[in-house]
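There are 4 protein chains.
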Amino acid sequence: MEKIKVVIVGAGGYGGCGAIELLLGHPRAEICALIDKEQVGRPISDLYPHLKGFCDMPILDPRQAQCPEDAQVVFFSTPDGVGQTEAGAWLEKGMKVVDYSGDFRFNDLETYKGYAARIGRNQGHAAPDLLPQSVYGLAELHRAEIQGANLVGNPGCFAVSCILGLSPAVKEKLVDPQTIICDAKTGVSGAGKNPNPTFHYPARYDAMNAYKVSGHQHVYEVERELGRMAGDPVAITFTPHVVPLSRGILTTIYARIREGVNVNTLIDAYQAFYQADRFVRVFGPETPQISTHVRGSNFCNISLHVDERTGNVIIVSLIDNLVKGQAGSAVQNMNLMFGLDETEGLLHPGIYP
Amino acid sequence: MEKIKVVIVGAGGYGGCGAIELLLGHPRAEICALIDKEQVGRPISDLYPHLKGFCDMPILDPRQAQCPEDAQVVFFSTPDGVGQTEAGAWLEKGMKVVDYSGDFRFNDLETYKGYAARIGRNQGHAAPDLLPQSVYGLAELHRAEIQGANLVGNPGCFAVSCILGLSPAVKEKLVDPQTIICDAKTGVSGAGKNPNPTFHYPARYDAMNAYKVSGHQHVYEVERELGRMAGDPVAITFTPHVVPLSRGILTTIYARIREGVNVNTLIDAYQAFYQADRFVRVFGPETPQISTHVRGSNFCNISLHVDERTGNVIIVSLIDNLVKGQAGSAVQNMNLMFGLDETEGLLHPGIYP
Amino acid sequence: MEKIKVVIVGAGGYGGCGAIELLLGHPRAEICALIDKEQVGRPISDLYPHLKGFCDMPILDPRQAQCPEDAQVVFFSTPDGVGQTEAGAWLEKGMKVVDYSGDFRFNDLETYKGYAARIGRNQGHAAPDLLPQSVYGLAELHRAEIQGANLVGNPGCFAVSCILGLSPAVKEKLVDPQTIICDAKTGVSGAGKNPNPTFHYPARYDAMNAYKVSGHQHVYEVERELGRMAGDPVAITFTPHVVPLSRGILTTIYARIREGVNVNTLIDAYQAFYQADRFVRVFGPETPQISTHVRGSNFCNISLHVDERTGNVIIVSLIDNLVKGQAGSAVQNMNLMFGLDETEGLLHPGIYP
Amino acid sequence: MEKIKVVIVGAGGYGGCGAIELLLGHPRAEICALIDKEQVGRPISDLYPHLKGFCDMPILDPRQAQCPEDAQVVFFSTPDGVGQTEAGAWLEKGMKVVDYSGDFRFNDLETYKGYAARIGRNQGHAAPDLLPQSVYGLAELHRAEIQGANLVGNPGCFAVSCILGLSPAVKEKLVDPQTIICDAKTGVSGAGKNPNPTFHYPARYDAMNAYKVSGHQHVYEVERELGRMAGDPVAITFTPHVVPLSRGILTTIYARIREGVNVNTLIDAYQAFYQADRFVRVFGPETPQISTHVRGSNFCNISLHVDERTGNVIIVSLIDNLVKGQAGSAVQNMNLMFGLDETEGLLHPGIYP
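Pasting the structure below:
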């Protein structure tokens, strides 16, 4: 059977590299072009030498890239603002698009503007006409829509961990959605490939910190998704932290439990909610999870706890920020958009230690 | 002037090593004996070779240790259960005692039993008569009592970060004390010196996890201290996490803000509360703190934030778990107990990077 | 086509885990039994939770294990002494054996005894009759013999990096083999899964050291292999070091260059020697290699340098100690022993960062 | 007694920060001005927040800095080229100078030019007249000259570990100096404070590599010092490596042993050579050293081994690159230049873990 031909724009960043790694092992898809505005002309394996002999394609200039005639899908592994400017042209050629940024996570202009304000983009959206057809690419919540979509906004890494960690509790009204607090810890790869003083090795060694306290933009899509389920707008307190590891997000979620709910109710609800989801694993309080359990894989592990003394649930949600939090979700979305089994190319457990 | 002679019981652990490092640089105190039940007879610099030439004293057997006649204070850097059994004999000789464990953090038997149940000790206390004279050794809250005390229970490392992070807010009724959530992240040294599978290097590399969810014993002393200030019992949700660094505790604290309180009220209250406290540094939201800012020093850095959207305060409290969270507090307490300047031997900024 | 059925003895260690990870992705082989003397009865995914849903087989007791009738090959991922005691029984049943330890790396008793003395085993070999049929499992040097073998001694991790780094130079007489110095740096996973004070996380953090200076047992097989090629016995100075990463061996190799040899001669010789070897990548001095280039993969990257001023070659040889240095070589050997393409199940680039 | 007033030029880098930390604890010296061309006007504690409350001096512009009248010594913690341009003016004012770079490590122009060529500086020296009075600042070899000097060239970090590791062996003719190989491993802080792709946290995590193979400039001063002792020019093979820790240099040194020398001869020679040197600790093969033994301190630990089989000595030399390898040596030199006890302000064991 012929393989789906994939173009990656922004191939030189971690998100591009992650997609390449996954697509190399994908039985039904293959890379047909790599595009980036930097390092044009160099083989990708110069930037990522572990790929040498596996993928030595040259990086193409986005302004001159001859898109292969038979390309079928493009991944925009690019910052906010790129996809909205360029996606239209690819869609017109009949290709499908998965955008990693916030550009297509909100399918109406008003909501997008609320998000954009948080990241200091106040110039509106470059392709508002495309918004209505865009679908939020979290397969566990929007599988059917993604299957029918040509344009998918891949979710933010923190958002994946928060939304998967909270959906059953909010949907089944097991917690008070107005009391949700998400305390997230991320590895440094989440900050991307470009060096800066904050993520210089000696500065980050033996170091941890909170940042963007109450101001991280990913909370916006979390509130939107959970608000839909709650039937009411919700406001969430979200604090991201950087801890000195490379990969992984662990989000500890707190919320007031509803009267009559106990840990078993919770576990049952989560297992029911995720029964068809191969990439979510649910655990009770007796099976504490470590970030290495999902490292290098597309899984989200969720462990559920109730503090009877204080009346709070404590939910620990773990992902690999570069896989389920980024390239893995992109491939999962591509699988759905092309009618493949959602797990194609993604059923690896990762490596340990 | 003559120096205070210090005995360390449990000298072979990290808490003993930390005390030795601090006392070597202390102008008014010196070590006179090192006691441990393991490695008896070996010079301490065999266990901690960086001490070679600085402190080569042999480790004495606790059953045979000839306490130097002129010893004046003993640090029990020992697990729960040791200090309560042995402190009495030292007190009778006229020595002062600082115990690192939970043995003397609660000055009545009933409260102690509540704590002890959490760590599975149900056999009561070995020296209940000593409890009434014991003082909780957090200088910022109990300075005067410590100055008059012969027996001090050094606070738990997590407790230091939580209590210092919350005291002004609770005391000044700026938050609802029944809504407090403490999400703590600790380096691995907090688990002590003994190897185990969980803290084996490859198992811990690139790994993070929550543990003892809703069950860590340090919350008990936090609730006691804050309850006193609130004038009512408080129940706190506390989740410790291990992250892959060596030193440091970062606790992110959440609570509902009281009507009319804003970030400036908060900052003013904290600055006023800690104005006489050399080892607490208070920061507003524009000065985010990193754990390396307190690494190797006796400081607690607190940064204050308010999430106007959700009505929560977010307080980030940072310490070095082995200094302010352990040996540094012990030395600070010793200074107070002997009428010295509280900062003697402790005014180092740490090293960076 | 039917898959090869693999039994793993010592499944609970890192070497077993590595083999499971590789076999899960192997199109022509599958695990049929996991055996270990510890944790008997528990699913392997309890020990390695990232395997949950991929491999949940229970661990069988080695004394009671019912070997599946159709098992075809057994991996002994066990310490020295186990394979030599047990391999005979499996061979008699018609199975093939790959042993990870030094038990079958030397195919005559005399040489084995020399090796064994280094690790303090002086009781001889438990199955000397098996030695003559055993083959040293470094495919790049012994491919044809491995293809015909039933019993293969998988090479030591350090030995792989040294031998691959040196073979062309010694074989082609480009260096004086009596001047070879190997300075190896390994990640901590090389020390295995069992916790001990030396590899306790805080003890290893920001720490590096040399160990077994001039006394590591892997040098024995390096000297044997290189001596064969040199046509004379060689004595090698070998110093292993532990550095604080999880995976990887980097060996820096020094030797006096022969008159008339330059870096181009060297590069040509290495490229010629390894032209048929998919898992060795050769680089000149202008392409320095980093251990992450081979992390998680079965590759050995070699970069070649000549110091004209001093007349030494400097060869940097990089592997992942748990893949090419252990489980990857085992699978590569299995592929050869069963007539498969040597690269089956091994063509992954690893993940980055 | 009045304190020595110290000016630091290049205060914003790690070398400046290290000097500040040491001078804060120095009983006989104090900082009187901090100068840097970046971050002018900001308190140094903005750049290094652990210094807050200890040193909040503003950074002065080098072009406008009003040097305090009573300043007595200036540290140039600056790259090659700065000290040679600026030191003259400070010397003329009667101040003493310690320069961290290679500018004053070679006291004749010819030798300097040889060094400078290695780092691509071919424009000669800006102050050749000053070279004859400059002294190489390794106290263990040049104590008396340093005591009489006004201008000291602080040694390179790798050079400190190599020269201290080799001096007794070369001086006492225990090894063949033409066979020396130095294999050095350094923590990342050695690369300084400026971020770049190579030392970006995720790129460096779990990563190690050799670099500047046969081309690092520090070998030049090592060869000069050892050549002097050997009585003949020596050529040394030197390979630096970066390993993923923050602080520390471990250099493994190899050389052919002279006939009749054994490990005891070696140990005796080293102990005799360093008997008056408080900051060098010598160990035999039975006391392997770990980099944490010198972490945060001004010590060099040396352990001595002989490989009888191959006829090589193996010497492991350990320092903290930021202390004995940089700021600690600078303070040690200052102490000597001002007639103080060499150890003043430097007798700390560091902290562990």
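Protein chains in written order, with numbering that gives the first Met the number 0: chain C, 0 to 352; chain D, 0 to 352; chain E, 0 to 352; chain B, 0 to 352.
A virtual CB, placed ideally from N, CA and C, is assigned to each residue, including glycine.
Small disclaimer: the values here were computed from a predicted structure and weren't measured.
- In chain E, no part has a C-beta under 8 Å from the C-beta of residue 67 of chain D; the shortest such distance is about 30 Å.
- At a cut-off of 9 Å between C-beta atoms, residue 297 of chain E does not count as an interface residue with respect to chain B.
- Using a Cβ distance threshold of 9 Å, residue 242 of chain B and residue 279 of chain E do not count as a contacting pair.
- Here residue 332 of chain D carries a helix assignment [DSSP, helix/strand/coil].
- Here residue 194 of chain D is buried: its Cβ has 16 or more other Cβ atoms, across all protein chains shown, within 10 Å.
- Taking the Cα of residue 175 of chain B as reference, the smallest distance to any Cα among B:255, B:15, B:117 is reached at B:255.
- Within the segment 250-295 of chain D, the complete beta strand (DSSP E) segments at least 3 residues long are 279-282, listed from N- to C-terminus.
- Closest by C-alpha distance to residue 227 of chain D, out of D:55, D:140, D:48, D:120, is D:140.
- For the segment 199-224 of chain E, residues whose beta-carbon sits nearer than 9 Å to a beta-carbon of chain D comprise 199, 200, 201, 202, 203, 204, 205.
- With contacts defined as CB atoms closer than 9 Å, residue 98 of chain B and residue 115 of chain B fail to qualify as a contacting pair.
- For residue 291 of chain B, the chain D residues whose C-beta falls within less than 7 Å of its own C-beta are 49, listed in chain order.
- According to the DSSP assignment, residue 240 of chain B belongs to the beta strand (DSSP E) that extends over 236-241.
- Listed as beta-bridge partners of residue 118 of chain B by DSSP are no residues whatsoever.
- Between residue 3 of chain D and chain C, the shortest Cβ-Cβ separation is not below 9 Å.
- Using a CB distance cut-off of 9 Å, residue 195 of chain E counts as an interface residue toward chain D.
- In the DSSP annotation of this structure, the continuous segment of the alpha helix (DSSP H) that includes residue 219 of chain D starts and ends at 217-229.
- If you compare the alpha carbons of B:66, B:145, B:187 with that of residue 91 of chain B, the shortest gap goes to B:66.
- Cβ atoms of residue 204 of chain B and residue 352 of chain E come within 8 Å of each other, at about 6 Å.
- Listed in chain order, the positions of the segment 149-182 of chain B with a beta carbon within less than 9 Å of a beta carbon of chain E are 177, 178, 179, 180, 182.
- Residue 309 of chain C and residue 156 of chain B have their C-alpha atoms roughly 55 Å apart.
- Within the segment 24-53 of chain C, no residue has a Cβ lying closer than 7 Å to any Cβ of chain B.
- Contact check for residue 79 of chain D and residue 107 of chain D: beta-carbon distance about 17 Å, past the 8 Å limit, so the pair fails to qualify.
- Using a Cβ-Cβ cut-off of 9 Å, residue 279 of chain E does not count as an interface residue toward chain B, since no Cβ of chain B sits closer than that to its own.
- In the structure shown, residue 67 of chain C adopts coil according to DSSP, grouped into three states.
- Residue 305 of chain B places its beta carbon less than 9 Å from that of residue 260 of chain B.
- Between residue 240 of chain E and residue 183 of chain E, the beta carbon gap of about 7 Å places them in contact (Cβ cut-off 8 Å).
- Boundaries for residue 214 of chain D: no alpha helix (DSSP H) harbours it, and the DSSP string shows neither H nor E there.
- Residue 135 of chain D carries a strand assignment under DSSP once its states are collapsed to helix, strand and coil.
- Going by DSSP, residue 74 of chain C is part of no alpha helix (DSSP H) but of the beta strand (DSSP E) stretching over 72-75.
- The beta strand (DSSP E) runs of length 3 or more contained entirely in the segment 14-92 of chain C are, from start to end of the chain, 28-34, 72-75.
- Against residue 245 of chain D, the close residues of chain B are 352, in the order they occur along the chain (beta-carbon pairs closer than 7 Å).
- Taking CB atoms only, residue 256 of chain C has no neighbour in chain D less than 9 Å away.
- Taking residue 232 of chain C as the centre and dropping the five residues before and after it, the same chain places the C-beta of 226 closer than 6 Å to its C-beta, in chain order.
- Apart from the 5 residues on each side of it in sequence, residue 216 of chain B sits with its Cβ closer than 7 Å to the Cβ of 101, 114, 117, 118 in its chain, given in chain order.
- For the segment 96-119 of chain E, there are no residues whose beta carbon sits under 9 Å from a beta carbon of chain B.
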